[in-house]
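K.L.:
Oh and the sequence shown: position 240 is 240 in UniProt numbering, straight run, nothing missing.
We treat Cβ as the ideally placed atom computed from N, Cα and C, and that holds for glycine.
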Amino acid sequence: MAGQFIVGVAGVIAFLLGFVFLVRSWGLSKLKRAASMEFPKENCVNKNGNGEGEGVGTTEIIIVGAGVAGAALAYSLGKDGRRVQVIERDLNAPNRIAGEGLIPGGYLKLIELGLEDCLEEIDAQQIMGYTLNKDGKEALVSFSLEKFQSDVVGRTFHHGRFVQRLRKKAASLSNVSLEQGTVTSLLEENGIVKGVHYKDTSGQLLTAYAPLTIVCDGCFSNLRRSLCHSKVDIPSYFVGFILTNCKLPKEKYGAFILADPSTIIFYPISSTEIRCLVDVPSQNLPSLSNGEMVHYLKTLVAPKVLPEVYNSFISAIEKKDNIRTMPNKIMAGAPRLTPGAFLIGDAFNMRHAITGGGMTVALSDVVILRDLLRPLHDLSDASAICKYLESFYTLRKPMSSTVNTLANVLHKIFSASSDPAMENMQQTLLGYLKLGGFFSSGVSAMLSGLCPRPLSLAFHFFVMAIYGVGQLLLPFPSPKRLLDAAKLLWVASSVFLPIIHSEGIRQMFFPLTVPAYYRTPPKGKKI
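1) For residue 495 versus residue 409, is the C-beta spacing smaller than 8 angstroms?
2) Taking only the alpha-carbon atoms, compute the straight-line gap between residue 241 and residue 97 and give it to the nearest angstrom.
3) Between 395, 318, 169, which has its C-alpha nearest residue 66's C-alpha?
4) Cβ atoms of residue 361 and residue 425: under 8 angstroms apart, would you say?
5) Would you tell me roughly how many angstroms separate the C-alpha atoms of residue 521 and residue 287, rounded to the nearest one?
6) Inspect the CB distances between the region 203-213 and the region 175-194 and report whether three or more fall short of 8 angstroms.
7) How about residue 72 and residue 113: are their beta carbons less than 8 angstroms apart?
8) Using CA atoms only, rank isn't needed, just tell me which of 306, 91, 204 is closest to residue 135.
9) Between residue 503 and the rest of its own chain, which residues show a CB-CB distance below 7 angstroms, the 5 nearest in sequence each way excluded?
10) Report the CB separation of residue 199 from residue 182 in whole angstroms; it is logged as a contact under 8 angstroms.
11) What is the DSSP secondary structure of residue 133, counted as helix, strand or coil?
12) Does the beta-carbon of residue 336 have 16 or more other beta-carbons within 10 angstroms, so that it is buried, or is it exposed?
13) Comparing C-alpha positions only, which one of 414, 348, 460 sits nearest to residue 218?
14) Is the distance from the Cβ of residue 271 to the Cβ of residue 117 below 8 angstroms?
15) Out of 457, 428, 248, state which residue places its alpha-carbon closest to the alpha-carbon of residue 442.
16) On the three-state DSSP scale, how would you describe residue 295?
17) Residue 285 to residue 202, Cα distance in whole Å?
18) Look at residue 235 and residue 163 and say whether their C-beta atoms are less than 8 angstroms apart.
19) Can you tell me where the beta strand (DSSP E) holding residue 263 begins and where it ends?
20) Give me, in chain order, the residues of the same chain whose beta-carbon lies closer than 7 angstroms to that of residue 513; leave out the 5 immediate sequence neighbours on both sides.
21) So if DSSP puts residue 238 in a beta bridge, which residue, or which two residues, is it bridged to?
22) Determine the contact status of residue 152 and residue 104, defining contact as a CB-CB distance below 8 angstroms.
23) Applying the 10 Å Cβ sphere with the 16-neighbour rule, what's the burial state of residue 155?
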C-alpha cells in the first residue's frame, strides 16, 4: 500500500507540474529547431556541388587538436567546402581509459555529421543500458530506444581506434590538411587572433594564419586560459584496467556497483575485453608505484565486484602495468569572447565521466557550430563573427547542461558517504528507477542523450525527491522520520542547485531571454 501511495503522489505531482512543459513547449521547440539549423545547401561555402572543395587557396579555419571534436569538426567543415588546417600534437592512436563510450544521443549526432561508419571495423560493442547494483539489489536502466531504428544504440570501444577512424575520414578530404605539431600559443594582433604559433615534428617554430582558429585540444589544453574562465575541479580519479576471459551478467548491458569506498563500473570495449573503472576520491588516491593501489583494489574493492568477473578482476590487477589512472575533471563552460578564436570540446567544458556523455556533448557542439558557420561566406570580420557565434553558447545548453548536470549529480549521489541522508538518496534513486514506466524511462532518456531538456531533468529530480520523502515518512510521520525527510531534501538541494547554478540558470531554463540567442549571420562579401 505504501508503495502505491507514493507512486500516486508522484503521479499527481507529475500531472500538476506538467503544465510547465506545455506552456513553454513552443519556446523549446523553437530552440530545438535553432540548435539543429538545417541551412539550405546553397548557403554553404562550397559552390562546386561535391562538398569537398578544391584544396586550393589560403586556410580559412585552423583547428587545434584532432581528437573526437577536432577530427569530427574538420570533416564536417571540409564537407562544406572550407579550407581547413588541423594541427594535432600526436597523430598516433591515443591510449586512454576514457572516451570509450558513446550513448545513443551521440550516435545520432554521428549520423548527422555523416561519421557513423567510423564505428565500423573497430570491434565496437552495442550497449542497451546499465544495471545498478547496491547491497544485492538491482535496478535495470534501459535506454529508451523504442522510437528509433535498431542501429541507434549505445556503443563502447577502444578510444584510440575510434579517433583514428575519425582522423582518417577527415584527412580523406582534399581541402583538409592534417599535420602533427604542438601549438605553443595563439597569434594575436590588436586583440584579434590571427592564427597560431606551433612546432613541427622537427622542433622548428612555424606560424599558421587563418581568419578563425578553433581550439579543441582536450582536457589538458594549454590554450584555454586566454579563451575561457577555467576553474577546474577534480573530485575523483578513475582507476582503470582491462579484464579478459569473462562476461558481464546481462548481455549488451554495462554494470554499475554502488559500493563503499568506490563506485565500480564495467562495460565491454571489444568482443574479448571488459573495461573496469573504479572511482576513487581525489584525496584518497593510493599510490601505484609502491603497491598501495593493488592492495586497495584487492582488499576494499574486489569483495564488492560481481561474482561473474571476480577471478578476472583479481588477475587484471595483478598483471604488470595494467592499472592506469585518470583525473575526472569538472569545468563549467564560461567563455571569454575573443575575436578570431573559438573554444569547444573538453578544452572548454568538462563534466564527470561517470555517465559517458562527454563525446555526445562534443559531437552536439560540432553539429551546432557547423550549422552556425554554414551561411558565412566571409570570415574576415573577426569581431562580427565573434558576436554572431556567441549564440552557440545558448544553443548548446539543452544538450550540454542536461548531460553535465546529470553526470555531476549522479557522481555525488553514487559516491560513498557516511552521511545517512546521502545513503537515503542512493536508495531513493534505485527505488525511483524500479517504479518503471514514465519515471524510469524519463531518467534513461536523459542518460542516453535522447532527451536533452533541462526542464525535464529538474522535473524528475524534484519528483524523485518527493518520492524519497514519501518513502521515509510512511507509514507514519514520526519526529525522526520528519527529520530524516528534511535532511534528504537538504542534501538533494545542496547537490542539485549549485550544479545548475554553475551551468547558468538563465541559459538552461530561459534561453529565449538571452539576447545572443537571436543573433543573425553578419553580412559580408560573398566568395
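P.N.:
On the basis of the coordinates in this document:
1) To locate residue 495, count along the sequence shown from 1; it is residue 495. To locate residue 409, count along the sequence shown from 1; it is residue 409. Yes; because the gap between Cβ atoms is below 8 angstroms, this pair is in contact.
2) Taking the sequence shown and counting its residues from 1, one reaches residue 241 at position 241. Taking the sequence shown and counting its residues from 1, one reaches residue 97 at position 97. Each residue's Cα considered, the two are about 8 angstroms apart.
3) As a working note, residue 66 is residue 66 in the sequence shown. That would be 169, whose Cα lies nearest to the Cα of residue 66.
4) The count along the sequence shown starts at 1 and reaches residue 425 at position 425. The count along the sequence shown starts at 1 and reaches residue 361 at position 361. Result no, Cβ atoms of residue 425 and residue 361 do not sit closer than 8 angstroms.
5) Stepping through the sequence shown from its first residue, residue 521 is reached at position 521. Stepping through the sequence shown from its first residue, residue 287 is reached at position 287. Distance between the alpha carbons of residue 521 and residue 287: 53 angstroms.
6) yes
7) Here residue 72 refers to the residue found at position 72 when the sequence shown is read from its first residue. Here residue 113 refers to the residue found at position 113 when the sequence shown is read from its first residue. Their beta carbons are under 8 angstroms apart, which means residue 72 touches residue 113 by this criterion.
8) As a working mapping, residue 135 is identified with position 135 in the sequence shown. Out of 306, 91, 204, 306 has the C-alpha closest to the C-alpha of residue 135.
9) Sequence index remark: in the sequence shown, residue 503 carries index 503 (1-based). Excluding residues within five positions, the ones whose Cβ falls inside 7 angstroms are 332, 401, 404, 405.
10) One-based indexing of the sequence shown puts residue 199 at position 199. One-based indexing of the sequence shown puts residue 182 at position 182. With 8 angstroms as the limit, residue 199 and residue 182 qualify as a contact, their Cβ atoms being about 5 angstroms apart.
11) On the sequence shown, position 133 is the one that residue 133 refers to. Three-state result, residue 133: strand.
12) If you number the sequence shown from 1, residue 336 lands on position 336. Classification for residue 336: exposed.
13) By 1-based counting over the sequence shown, the position of residue 218 is 218. Of the listed residues, the one whose Cα sits closest to residue 218 is 348.
14) On the sequence shown, residue 271 is found 271 positions in, with the first residue counted as 1. On the sequence shown, residue 117 is found 117 positions in, with the first residue counted as 1. No, the pair does not count as a contact, with Cβ atoms beyond the cut-off.
15) Taking the first residue of the sequence shown as position 1, residue 442 is located at position 442. For residue 442, the nearest C-alpha among the options comes from 457.
16) Stepping through the sequence shown from its first residue, residue 295 is reached at position 295. Helix at residue 295.
17) Here residue 285 refers to the residue found at position 285 of the sequence shown. Here residue 202 refers to the residue found at position 202 of the sequence shown. Taking the straight line from one Cα to the other gives about 38 angstroms.
18) In the sequence shown, the residue the question calls residue 235 occupies position 235. In the sequence shown, the residue the question calls residue 163 occupies position 163. Result no, Cβ atoms of residue 235 and residue 163 do not sit closer than 8 angstroms.
19) The residue you call residue 263 lines up with position 263 of the sequence shown. Per DSSP, residue 263 belongs to the beta strand (DSSP E) from 263-268.
20) The residue given as residue 513 occupies position 513 in the sequence shown. These residues qualify, in order along the chain: 506.
21) Sequence index remark: in the sequence shown, residue 238 carries index 238 (1-based). Looking at the DSSP assignment, residue 238 forms a beta bridge with 279, 326.
22) Here residue 152 refers to the residue found at position 152 of the sequence shown. Here residue 104 refers to the residue found at position 104 of the sequence shown. Closer than 8 angstroms, so yes.
23) Mapped onto the sequence shown, residue 155 falls at position 155. Buried, because 16 or more other Cβ atoms sit within 10 Å of the Cβ of residue 155.
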